Structure formats: structure tokens, C-alpha cells
Amino acid sequence: MTQNSSTVPASSAPAASAGARTTKAGIARNALAIGAGVVVLAIAAQLAIPFKPVPVTMQTLAVVLVGWALGGGRSLAAVSIYGAMGVAGLPILSAGTAGISPSTGYLLGFIVSAAFVGWMQSRQPLAGLRALAVFAVALAIPYIPGLIWLSAFTGMGAPWSAQVLAAGMTPFIPGDILKLVAAAAVATGATALRR
246 MTQNSSTVPA
256 SSAPAASAGA
266 RTTKAGIARN
276 ALAIGAGVVV
286 LAIAAQLAIP
296 FKPVPVTMQT
306 LAVVLVGWAL
316 GGGRSLAAVS
326 IYGAMGVAGL
336 PILSAGTAGI
346 SPSTGYLLGF
356 IVSAAFVGWM
366 QSRQPLAGLR
376 ALAVFAVALA
386 IPYIPGLIWL
396 SAFTGMGAPW
406 SAQVLAAGMT
416 PFIPGDILKL
426 VAAAAVATGA
436 TALRR
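For the sequence shown, the working numbering begins at 246 and goes up steadily by one.
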């Protein structure tokens, strides 16, 4: 009697079933984490101080913390989905806006920023001075595409011109310093609690 090579031996059937459950559970956990990241970003965007042409929001703090909490891949997905939803027309961007605006370039930077933080966190838990350094870089990243986009969208001048810097970077630096300290404190405290 010959055994069909496509038949799974009875002893491995429970293992295959457990693997499928584990995979489904992992997918569900990832989807939940990514969805939570999108919600956190959308809420942070509503915590805004009106400023033209780029509003002051808590998004950058949320981007850094989403990257730290979710890791590179999941935070990349969360921020990408959030940005795509906002650009597509859902009113989840700063102050309930949607679509393409002078601040769209910052959204592109948020994607890179969150992925960078997540990648650095996966290499070694972020705490103390390392958290400060990584988060400082992460908070600076959105300015590159943000200023380039702002310059092109508004026609104010070159991305490095005084007018563009005054509209799209200089007013945000004090808030970024506070966000940097807050994010580093959260990461350092959470890392200490895990030990």
C-alpha cells in the first residue's frame, strides 16, 4: 500500500493547526496595533494650535511614540495608512483637515521618522541619552520633505530661504524640544519598568 505524498501525517495535523492559529493571532495583533497607531496619530493631529501655513500639533510627538511602541514595520504601516487616509479626503489631519496642503510634505517625513525610531528601538531599547539622540533625529527628519514641499506648494522661495524657514520650521523648534524631552522620558520610564 502506498501513501499519498500530499497527505499530512496525522501527528503533524495539530501542529499545523496551531501554526495557523498563531499566524492568525499574529496578523490580528499586528492589525490592531497598526489601527491603534492610526487612531493615536489622528487624535494627536486634532490637538493643534492654529498657525499658518503649517499648524502646530502633537503629531510629531505621536509619530515618535508610535515608532517607539510599534517598531519599524508596524509604525511604517500605521503612519502610511494615516497619511493616505488624510490625503484621500478623510478629515483626520491637523484641525480636521484633509487632502493636499502646504503641510503634506511633513506627512512624508513622518513615515520615515516613525520607521527610523522603530528600527532603532528594535536594535536596542531606547532610553536615556540614546533615546534623546534618536528622537532628536526623528523630530528633525520631517523638516526635510516638509520644507521642500512647503516651498514648492506656496512658492515662498527656496526651502532654505528665511521666509520658508520662518513659516515651516523656526516656530516649531521650542515645541519640538519639549516633545523630545517628553518622548525620551516616556521611553526611559517604560524601559526601566520592563527591567
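Ideal Cβ positions, reconstructed from N, Cα and C, are used throughout, including at glycine.
Bear in mind the structure is a predicted one, so any value in this text is a computation, not a measurement.
Next on the checklist: On the criterion of 16 or more Cβ atoms from any shown chain inside 10 Å, does D421 qualify as buried, or is it exposed?
Outcome noted: Counted from its first residue, the sequence shown places residue 421 at position 176. Buried.
Checklist entry - Tell me which same chain residues have a C-beta within less than 8 Å of the C-beta of S406, skipping the five on either side of it? => result For the purposes of this step, residue 406 is taken as residue 161 along the sequence shown, with counting starting at 1. Cβ within range, chain order: S396.
Next on the checklist: If you reduce the DSSP assignment to three classes, tell me which class V301 lands in.
Outcome noted: Numbered from its first residue, the sequence shown carries residue 301 at position 56. In this structure, V301 counts as strand in the three-state DSSP scheme.
Checklist entry - Whose C-alpha, out of G318, V301, L438, F417, is nearest the C-alpha of G363? => result Locating residue 363 in the sequence shown gives position 118, counting from the first residue. Among G318, V301, L438, F417, the Cα nearest to that of G363 is on G318.
Next on the checklist: Rounding to the nearest angstrom, what Cα-Cα distance links G344 and L392 in this structure?
Outcome noted: Taking the sequence shown and counting its residues from 1, one reaches residue 344 at position 99. Taking the sequence shown and counting its residues from 1, one reaches residue 392 at position 147. G344 and L392: Cα-Cα distance of roughly 18 Å.
Item to check | Other residues of its chain near A432: CB distance less than 7 Å, five sequence neighbours each side excluded | outcome: Working through the sequence shown from its first residue, we reach residue 432 at position 187. Only W313, L371, A372, A376 meet the Cβ criterion.
Checklist entry - Which residues does DSSP pair with I294 in a beta bridge? => result Position 49 of the sequence shown, counting from 1, holds the residue named residue 294. V301.
Next on the checklist: Tell me the residue span of the alpha helix (DSSP H) that contains M365.
Outcome noted: The residue labelled residue 365 in the question sits at position 120 within the sequence shown. Where M365 is concerned, the enclosing alpha helix (DSSP H) stretches over 349-368.
Next on the checklist: If contacts are defined as beta-carbon pairs under 8 Å, then V324 and F355 qualify, I think. What distance do you get, rounded to the angstrom?
Outcome noted: By 1-based counting over the sequence shown, the position of residue 324 is 79. By 1-based counting over the sequence shown, the position of residue 355 is 110. Yes, V324 and F355 are in contact; Cβ-Cβ is about 5 Å, under 8 Å.
Next on the checklist: Looking at the secondary structure, which residues open and close the alpha helix (DSSP H) in which R440 lies?
Outcome noted: Your numbering for residue 440 matches position 195 in the sequence shown. R440 -> no alpha helix (DSSP H), and no H or E assigned at all.
Next on the checklist: Is the separation between the beta-carbon of V284 and that of A359 shorter than 8 Å?
Outcome noted: Taking the first residue of the sequence shown as position 1, residue 284 is located at position 39. Taking the first residue of the sequence shown as position 1, residue 359 is located at position 114. The answer is no: Cβ separation not under 8 Å.
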